[in-house]
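First up is the structure itself, then whatever we jot down about it.
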Amino acid sequence: MNCNPTVSKIKKTSLVFFLILSFNAFSQNVNEKIKSLENNLNSWDKTKNKKSTLKERMDFYEVNAVSIAVVKDYKIEWAKAYGFADVSEKRLATTETLFQAASVSKSFNSLGVLKLTEEQKLNIDNDINNYLKKWKFPYDSISKGKKISTAQLLNHTAGLSVGGFGGYEKGQDLPSIPQVLDGLKPANSNAVRSVFEPGLKFQYSGGGTTVSQLILEDTTGEKYEDYLLKNVLTPLGMTYSSFNQPPFMVKKNLLATGYHGKVEVVGKYHIYPEKAAAGLWTNPTDLAKYIIETQLSLQGKSNKVLSKEMSIRRLENNLGVFVQNYKGTKYFGHSGGNYGFVCHYMGSMEDGNGVVVMTNGVNMQLINEIISKIASLNHWENFPLEPIKEPISLTIKKIANKDIDKGIELYEKLKTTKPNDYNFSNKSELNSLGYEFLRNNKIDDAIKIFTLNIKEFPNLPNAYDSRGEAYFNKKDYVSSKADYQKVLELEPSNQNAKEMLHKIENILKK
């Protein structure tokens, strides 16, 4: 065999040169994508003539920090953070900054529960009371003799109450999970109970997820956060993430501070003992590792937590995730919103695309715009790129703060003259604005916004519930009673309305 060392050396040099060129081309392509996102966020929306920068949209939505991680071809393509993790401390957000993942926690809870299922320590189709030890679910006539399964807890078909949790300020007494489930002090949420028979239909219930937290602890004999760290987070390589509540094992300078608009959350963030439903602290880079593992597991190429068969079952049955089908192309994901934080992740089920966006603000629309931009840049198959409709509540907020009646006049004018330019169909926008006035002790202004919301959505129980709360704060108990009665008329199983009416009756008797 004739071996020419000179030729061999030339080949090696050429290979190295080729690899350097390829890497530089890749880096240049990624940098161009990042610049496009930063300088022309809404380029995918052909109805818009004016370019909008990411900074401009962050300012418009009153978001102090946003952190992004992008998945392409089953790898993290890039990650970057913008803005301030804490404004008063002038602490910039980095890709390591941790945000509250809120309801995204439910995706990891399902991984933990399903791992127990694979180990044959739990059957998710059996009665939950077979596994609960510290507390038993109190079945009543509403469940019609049917038993609730753990699978139904995970995909929100158990027919249970309590959609979400408000968390607790630092220094407040924290309830045990049985106290949360029974609505007993110091819990600040209602009891988790049946509102219709299990398996009948979907109703989102963080309360049901919290029951599964107790099942996991009772089954393993371990603290929830310890089990998830050892069996889910660590195998996924999520080295920054934690379910500790409060987050005592995390470096303080990594924690983002939550904000409502420009107002800092008291104590910087709330504490959530309901860990399975809302307790994860993480960052987009760590969450991207979870997306990639899910995608590879679906193909049988990785089993760091679950087997291929269990991963398929998890997504097919929406166990801790939601699957969207866009013209035959499926994406899995979950959004989250805690007090002062919102986030969302999405991953394709077949071609290795995905994105995670986390913020320390409360407006999901910025996240939607960023996801659409990433989907456009990376050519996500069949992903719907819908035109941006500006949030009407932010549009009228500045004027409404100065003069509530003029703010409402502007709302009515824009709805008549520019109905397609603004989002008038979002049932939470006016409600959120009303609560902003309520938090600032502008009760009469809040009532006017809630009244406008009722006019727009006359069959929405939550609209009356919100105004009922405002009237209660004003000590107008007669008006408050009327609103809570309307809530029960529209939603007979509403536990909060029942409790508020009982409270009002006791006040009126005095």
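What the sequence shown shows, in mature numbering (1 follows the signal peptide of the UniProt record, and there is no 0), is residues -27 to -1, 1 to 483, in sequence order. No residue lacks a Cβ here, since even glycine has one placed at the ideal position from N, Cα and C.
Query raised in the report: With DSSP run on the structure shown, which of helix, strand or coil describes Pro111?
Result: For the purposes of this step, residue 111 is taken as the residue at position 138 of the sequence shown. Of the three classes helix, strand and coil, the one that applies to Pro111 here is coil, per DSSP.
Query raised in the report: Leaving out five residues before and five after Lys107 in sequence, what residues of the same chain have Cβ atoms less than 7 angstroms from its Cβ?
Result: As a position in the sequence shown, residue 107 is number 134, starting the count at 1. Counting only Cβ-Cβ distances below 7 angstroms, and skipping sequence neighbours, we find Pro151, Leu187, Asp191.
Query raised in the report: For Pro159, which three-state DSSP category applies?
Result: Residue mapping note: residue 159 aligns to position 186 of the sequence shown, counting from 1. Note: Pro159 maps to coil in three-state DSSP.
Query - Best match in Tyr242, Ile422, Lys388 for proximity to Lys362 [C-alpha to C-alpha] - result: Position 389 of the sequence shown, counted from the first residue, corresponds to residue 362. Cα-wise, what sits closest to Lys362 is Lys388.
Requested in this report: Look at the alpha carbon of residue 506 and the alpha carbon of Lys459, and state the distance between them as a whole number of angstroms.
Outcome: As displayed, the chain neither begins before -27 nor continues past 483, which places residue 506 out of reach and without an answer.
Query - contact_flag[the segment 406 to 421, the segment 440 to 452] where n(CB pairs < 8 angstroms) is 3 or more - result: yes
Requested in this report: Leaving aside the five residues before and after Tyr450 along the sequence, list all residues of the same chain whose C-beta is less than 8 angstroms from its C-beta, in chain order.
Outcome: Working through the sequence shown from its first residue, we reach residue 450 at position 477. Cβ within range, chain order: Tyr444, Ile477, Ile480, Leu481.
Query raised in the report: Which residues share a DSSP beta bridge with Leu71?
Result: In the sequence shown, counting from the first residue as 1, residue 71 sits at position 98. Per DSSP, Leu228.
Report task. Out of Leu71, Ser401, Leu461, Gln338, point me to the one whose CA is closest to residue 485's CA. Result -> Here the chain covers residues -27 to 483 and nothing more, so residue 485 does not appear.
**Report entry** Own chain partners of Thr26 with C-beta closer than 8 angstroms, once the 5 adjacent residues on each side are dropped
**Finding:** As a first step, residue 26 is located in the sequence shown; it is residue number 53 there, counting from the start. Within the same chain, Thr26 has close Cβ partners Glu11, Asn12, Asn13, Leu14.
Query raised in the report: Given that a residue counts as buried once 16 or more other Cβ atoms are within 10 Å of its Cβ, and exposed if not, what is Met222?
Result: For this step, residue 222 is matched to residue 249 along the sequence shown. Result: exposed.
**Report entry** Secondary structure of Met319, DSSP reduced to three states
**Finding:** Within the sequence shown, the letter at position 346 stands for residue 319. It is a strand residue.
Report task. Could you check which residue in Lys375, Val44, Ala38, Glu385 has the C-alpha nearest to that of Leu269? Result -> Here residue 269 corresponds to residue number 296 of the sequence shown, with the count starting at 1. Checked all of Lys375, Val44, Ala38, Glu385; the closest Cα to Leu269 is Val44.
Query raised in the report: Can you tell me the Cα-Cα spacing of Gln338 and Pro364, whole angstroms?
Result: The count along the sequence shown starts at 1 and reaches residue 338 at position 365. The count along the sequence shown starts at 1 and reaches residue 364 at position 391. Rounded to the nearest angstrom, the two C-alpha atoms are 8 angstroms apart.
Query - Beta-carbon spacing of Leu260, Tyr318 below 7 angstroms - result: Working through the sequence shown from its first residue, we reach residue 260 at position 287. Working through the sequence shown from its first residue, we reach residue 318 at position 345. It is a contact, given that the beta carbons lie within the stated cut-off.
Query raised in the report: Does the separation of the CB atoms of Asp98 and Ala124 fall below 7 angstroms?
Result: The residue you call residue 98 lines up with position 125 of the sequence shown. The residue you call residue 124 lines up with position 151 of the sequence shown. Yes, the Cβ-Cβ distance between Asp98 and Ala124 is below 7 angstroms.
Query raised in the report: Is it true that the segment 275 to 285 meets the segment 49 to 57, where meeting means three or more beta-carbon pairs spaced less than 8 angstroms apart?
Result: no
**Report entry** For Glu237, three-class secondary structure by DSSP
**Finding:** Counted from its first residue, the sequence shown places residue 237 at position 264. Glu237 falls in the strand class under three-state DSSP.
Query raised in the report: Under the rule that 16 or more other beta-carbon atoms within 10 Å means buried, what is Met(-27), buried or exposed?
Result: Position 1 of the sequence shown, counting from 1, holds the residue named residue -27. A caution first: Met(-27) carries a pLDDT of 47, below 50, which makes its placement in the model unreliable, though a value can still be read off. Exposed, since its Cβ has fewer than 16 Cβ neighbours within 10 Å.
Requested in this report: On the DSSP bridge assignment, give the partners of Val39 in chain order.
Outcome: In the sequence shown, counting from the first residue as 1, residue 39 sits at position 66. DSSP lists Tyr55, Thr332 as partners of Val39.
Query raised in the report: When the Cβ atoms of the segment 229 to 245 are set against those of the segment 112 to 127, are three or more pairs found closer than 8 angstroms?
Result: no
Query raised in the report: Secondary structure at Val44, three-state DSSP: helix, strand or coil?
Result: Position 71 of the sequence shown, counted from the first residue, corresponds to residue 44. In the structure shown, Val44 sits in a strand (DSSP, three-state: E or B).
Query raised in the report: Would you call Leu406 buried or exposed, if buried means 16 or more other Cβ atoms sit within 10 Å of its Cβ?
Result: Position 433 of the sequence shown, counting from 1, holds the residue named residue 406. Label assigned to Leu406: buried.
Query raised in the report: Exposed or buried, Asp113, counting other C-beta atoms within 10 Å across all chains shown (16 or more means buried)?
Result: For this step, residue 113 is matched to residue 140 along the sequence shown. Exposed is the call here.
Query raised in the report: Where Ile343 and Trp254 are concerned, what is the direct C-alpha to C-alpha distance, given to the nearest angstrom?
Result: The residue given as residue 343 occupies position 370 in the sequence shown. The residue given as residue 254 occupies position 281 in the sequence shown. Going by the C-alpha atoms only, they are around 21 angstroms apart.
Query raised in the report: Going by Cα to Cα distance, which pick from Phe314, Ser185, Asn22 is closest to Phe110?
Result: Position 137 of the sequence shown, counting from 1, holds the residue named residue 110. Selected option, being the one with the closest Cα: Ser185.
Requested in this report: Work out the CA separation of Val165 and Ile285 for me, nearest whole Å.
Outcome: As a position in the sequence shown, residue 285 is number 312, starting the count at 1. As a position in the sequence shown, residue 165 is number 192, starting the count at 1. Approximately 30 angstroms between the Cα atoms of the pair.
Query raised in the report: Which partner residues does Trp254 have in the DSSP bridge list?
Result: Within the sequence shown, numbered from 1, the residue matching residue 254 stands at position 281. Beta-bridge pairing links Trp254 to Gln73, Ser215.
Requested in this report: Determine the closest residue to Gly309 out of Asn37, Met31, Leu474, Phe81, with distance taken between C-alpha atoms.
Outcome: Your numbering for residue 309 matches position 336 in the sequence shown. Closest by alpha carbon: Phe81.
Report task. Quick one: grab the DSSP three-state call for Asp191. Result -> Taking the first residue of the sequence shown as position 1, residue 191 is located at position 218. Looking at Asp191 - three-state DSSP - the assignment turns out to be helix.
Report task. Please classify Met(-27): does DSSP put it in a helix, a strand, or coil? Result -> Taking the first residue of the sequence shown as 1, we reach residue -27 at position 1. Per-residue confidence for Met(-27) stands at a pLDDT of 47, beneath the threshold of 50, marking its modelled position as unreliable; no derived number is given.
Query raised in the report: Which partner residues does Thr182 have in the DSSP bridge list?
Result: Position 209 of the sequence shown, counted from the start, is the residue given in the question as residue 182. DSSP, once it has assigned bridges, lists no residue as partnering Thr182.
Query raised in the report: If you check the beta carbons only, do Thr302 and Asn351 fall under 7 angstroms apart?
Result: Working through the sequence shown from its first residue, we reach residue 302 at position 329. Working through the sequence shown from its first residue, we reach residue 351 at position 378. Going by C-beta atoms, Thr302 is not nearer than 7 angstroms to Asn351.
Query raised in the report: Taking the DSSP output, what are the residues bridged to Tyr299?
Result: Position 326 of the sequence shown, counted from the start, is the residue given in the question as residue 299. Paired residue(s): Thr302.
Report task. Could you tell me how far apart the beta carbons of Ala160 and Val168 are, in whole angstroms, since I believe they sit closer than 8 angstroms? Result -> The sequence position of residue 160 within the sequence shown is 187, counting from 1. The sequence position of residue 168 within the sequence shown is 195, counting from 1. Not confirmed; about 18 angstroms, so no contact.
Query raised in the report: Could you give the C-beta distance for Ser83 and Gly293, rounded to a whole number, given that I count them as a contact under 8 angstroms?
Result: Mapped onto the sequence shown, residue 83 falls at position 110. Mapped onto the sequence shown, residue 293 falls at position 320. Ser83 to Gly293, Cβ: 3 angstroms. Contact.
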